[in-house]
Structures are given as C-alpha cells and as structure tokens.
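Colleague: Residue numbers (this note's numbering): 391 to 665. Each residue gets a CB set at the ideal place from its N, CA and C atoms; glycine is no exception. Here it is, the structure, as structure tokens.
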Ligand code: HEM
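Have a look at this one:
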C-alpha cells in the first residue's frame with residue numbers, strides 16, 4: 391500500500407453518515423436568526439447559544455454528580471464536578487469575545503430584542519436549582535410551554551448538589567440538624583450551625599475525611615467560578631449599557647451586583663474564617 395493509499399480520504403457518503411449528520415449541524419448552524427441586519431447581532435446570538443450549550447453539558451454533569459454522591463460513589467462525582475469547573479472557565483472566557491462589542495454597536499440592534507433577556511434562561515435557573523438557589527419565577531415565565539415547565543418543576547423540586555453533600559456528612563456520622571436533613575428542597579438553602587460544625591471537623595482532619603474534604607473543595611471551585619461568571623457578566627453589561635435598565639425589566643447592573651451577594655454553599659466559606 392502506498393503512502394497515498396494509506397491517507398485516502400473518504401469522499402463517498404451517499405450511504406454513510408457524515409460528520410454534519412452525526413452532529414445535526416444543519417439545525418445548529420441554521421439557528422442564528424438575526425432580527426436586524428446589524429453586523430454585531432451575529433456575535434450576540436452565538437455567544438448566548440454557546441453559553442447555553444455549555445450549560446446543557448453542565449446540567450448533564452451536575453445531575454449525574456448528584457446521583458453519584460447519593461450512592462457514595464465519590465470518584466466519578468469528583469471527575470464530573472472537575473469537568474463542570476472547566477466548563478465554567480470556558481464560559482467566563484466568552485466574555486472577552488463579547489466585550490469587543492461597543493455600546494454603539496449593541497444599541498444598533500438592542501431594540502429588536504424586545505423583552506427577551508438572559509433573565510429568562512431556563513437552563514441557567516436549572517443550574518441554580520442544582521446548586522440549591524431556588525427562584526421559582528422561571529416556572530411562571532414558561533407557563534406557555536407545559537412540557538418545558540414540567541422539566542423545570544422537576545429540577546426545582548429535586549434535591550441539589552449541596553443537599554446530597556450534607557446527606558453525605560450525615561451518613562458519615564456527623565450530627566446534622568433534622569431541620570436540614572428534612573428540609574423543604576424547593577426553598578433556597580440557608581446556612582446552618584450543625585453543617586458548619588461538620589465541615590469544620592472535616593477540614594480539621596482531612597486525612598480521616600479525605601472524600602468529604604475533596605467534595606467540599608470541588609463545591610468551592612464551582613461556587614468560585616460561578617461568582618466569577620456573575621462578576622464578568624455584570625462588568626461586561628456595565629461596559630456595554632452602563633446603568634440602563636435591562637431588557638428583562640430589572641434595574642440592570644444594580645440587579646446583577648445584588649445577585650453577587652448570594653452564597654450557594656455558605657458554610658464552606660464561613661469555615662475558612664473559623665479554622
Ligand atoms: C450585551 C450583552 C449582555 C447584556 C447587555 C446583558 C444584560 C443583562 C441584564 C441587564 C440582566 C438583568 C435582567 C434584565 O433586566 O434583563 C441580565 C441577566 C442575565 N443575563 Fe445577560 N446580558 C448580556 C449577555 C449575556 C450573555 C452572553 C449571557 C449568557 C447566557 C447572559 C445571561 C444572563 C443570565 C443567565 C441572566 C440572569 C442573571 C440572574 O438573574 O442572576 N447575558 N443580562
């Protein structure tokens with residue numbers, strides 16, 4: 391066989407699946423429907439779509455990690471959570487590309503968005519649900535789509551990553567208050583003294599509680615990246631629209647600054663002061 395034969399590229403795909411078929415590229419690459427003829431609207435749409443695709447993978451990993459932790463299969467969970475952190479890192483980098491859009495460019499097509507806003511991103515809310523931050527307003531927004539609303543409701547009513555982590559502390563023998571173990575998981579998680587005490591002991595004897603210690607650090611990674619995403623979003627928004635109101639109806643940057651105050655896993659941050 392000659393060198394040329396060895397590298398012969400397949401070109402007859404009349405009966406075979408191509409790369410484009412497998413990835414359904416037709417539907418993905420034909421979904422950038424600009425509402426204006428402004429050049430920069432393409433960037434705006436693609437940045438959002440890329441972020442949503444990464445969120446889809448994030449959810450896939452987070453939910454699988456929740457199941458693994460429930461079954462005390464920590465190693466696969468750590469691998470999935472590490473992947474989530476790397477995805478978050480990618481989405482944060484997307485802000486650099488978006489920041490090349492100036493206020494004048496954005497104003498060139500902003501009016502065509504109407505009231506559409508990332509505020510209505512149901513995947514973003516599902517990520518928040520998985521992290522224990524439960525804001526049900528998104529269920530109302532999607533009343534018009536019962537199938538999607540049912541999926542959202544399921545995610546809203548499911549225990550999150552932190553709930554199963556606390557259950558893991560409990561299984562290890564730490565005294566966790568009943569009010570936390572039996573908590574209503576449709577409510578946003580609130581800090582609890584018994585949980586803080588348990589994490590403190592984990593951090594004080596890392597050799598003994600290596601899995602829980604590693605789990606805690608994976609959660610801190612995710613929260614840390616999430617905050618960095620929120621911060622870059624807020625700053626990019628300020629750079630592009632200043633302090634104008636958002637298309638979703640909020641105060642804009644003021645609102646985005648306020649959400650930065652929320653902690654998903656509060657005790658894991660408190661414990662650092664306590665040690
Ligand atoms: C020019 C670019 C952007 C501007 C000016 C902008 C502006 C805003 C504003 C003002 C809000 C607050 C809600 C509102 O009143 O609309 C918001 C929320 C949000 N945006 Fe953006 N955004 C931009 C890009 C993005 C991108 C690329 C994403 C990626 C998916 C995104 C995702 C979100 C999410 C998830 C929220 C909800 C945040 C929360 O409630 O904590 N945004 N955006």
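Does the ligand HEM have even one heavy atom less than 8 Å from the beta-carbon of residue 454?
Modeller: no
Colleague: Ignoring anything shorter than 4 residues or poking outside the segment 539-579, list the alpha helix (DSSP H) runs there in chain order.
Modeller: 551-561 and 568-571
Colleague: Any heavy atom of the ligand HEM closer than 8 Å to the CB of residue 484?
Modeller: yes
Colleague: Under 9 Å, Cβ to Cβ, is there at least one residue of chain C near residue 581?
Modeller: Included in the structure is just one protein chain, with no chain C present.
Colleague: Is residue 426 helix, strand or coil when you go by DSSP?
Modeller: coil
Colleague: Quick check for students: name the residue ranges of the alpha helix (DSSP H) that lie wholly in the segment 459-498, counting only runs of 4 or more.
Modeller: Correct list: 464-488 and 493-497.
Colleague: Please determine if the segment 585-596 and the segment 545-564 are in contact, where contact requires at least 3 C-beta pairs separated by less than 8 Å.
Modeller: Yes, since at least three Cβ pairs between the segment 585-596 and the segment 545-564 fall closer than 8 Å, the two stretches touch.
Colleague: From which residue to which residue does the alpha helix (DSSP H) around residue 593 run?
Modeller: 583-594
Colleague: Excluding sequence positions up to five away, which residues of its chain have a Cβ less than 8 Å from the Cβ of residue 433?
Modeller: 487, 488, 490 and 491
Colleague: Give a single yes or no on whether residue 418 has its beta carbon closer than 8 Å to a heavy atom of the ligand HEM.
Modeller: no
Colleague: When you measure from the CB of residue 627 to every non-hydrogen atom of the ligand HEM, does any distance come out below 8 Å?
Modeller: Checking every heavy atom of the ligand HEM against the Cβ of residue 627, one is found closer than 8 Å.
Colleague: Just checking residue 441 against the ligand HEM - is the residue's beta carbon closer than 8 Å to any of the ligand's heavy atoms?
Modeller: yes
Colleague: Please name the residue, chosen from 461, 427, 473 and 431, that lies closest to residue 449 on a Cα-to-Cα basis.
Modeller: Comparing Cα positions, the closest option is 473.
Colleague: If I measure Cβ to Cβ from residue 524 and keep anything under 7 Å in the same chain, skipping five residues before and after, which residues do I get?
Modeller: Once the five neighbours on either side are set aside, the close Cβ partners of residue 524 are 546, 576, 577 and 578.
Colleague: Using the rule of at least 16 other Cβ atoms within 10 Å of the residue's Cβ for burial, across every protein chain shown, is residue 407 buried or exposed?
Modeller: exposed
Colleague: Can you tell which of 631, 662 and 660 has its C-alpha closest to the C-alpha of residue 493?
Modeller: Checking every option, the nearest Cα to that of residue 493 belongs to 631.
Colleague: Residue 616 and residue 478 - do their beta-carbons sit closer together than 9 Å?
Modeller: Against a cut-off of 9 Å, the Cβ pair of residue 616 and residue 478 comes out as a contact.
Colleague: Taking the alpha-carbon positions, what's the residue 571 to residue 550 distance?
Modeller: 12 Å
Colleague: Quick one: residues in its chain with C-beta nearer than 6 Å to the C-beta of residue 611, no 5 flanking neighbours on either side, listed in chain order?
Modeller: 475
Colleague: Return the CA-CA distance between residue 466 and residue 607, expressed in angstroms with no decimal places.
Modeller: Going from the Cα of residue 466 to the Cα of residue 607 covers about 15 Å.
Colleague: Short of 7 Å in beta carbon distance, which residues of its chain neighbour residue 553, apart from the five on each side in sequence? Order them along the chain.
Modeller: 522 and 575
Colleague: What's the gap between the Cα of residue 650 and the Cα of residue 412?
Modeller: 40 Å
Colleague: If we ignore side chains and look at the alpha-carbon of each, how far apart do residue 410 and residue 598 end up?
Modeller: Cα to Cα, the separation comes out at about 50 Å.
Colleague: Is there contact between the segment 522-542 and the segment 622-640, where contact requires at least three CB pairs shorter than 8 Å?
Modeller: no
Colleague: From residue 569 to residue 580, what does the alpha carbon distance come to, in whole angstroms?
Modeller: Each residue's alpha carbon lies about 11 Å from the other.
Colleague: Assign residue 556 to one of two classes, buried (16 or more other C-beta atoms within 10 Å of its C-beta) or exposed (fewer than that).
Modeller: Within a 10 Å sphere around the beta-carbon of residue 556 sit 16 or more other beta-carbons, which makes this residue buried.
Colleague: Can you check whether the CB of residue 558 is closer than 9 Å to the CB of residue 451?
Modeller: no
Colleague: How far does the alpha helix (DSSP H) with residue 620 in it extend, from its first residue to its last?
Modeller: 600-631
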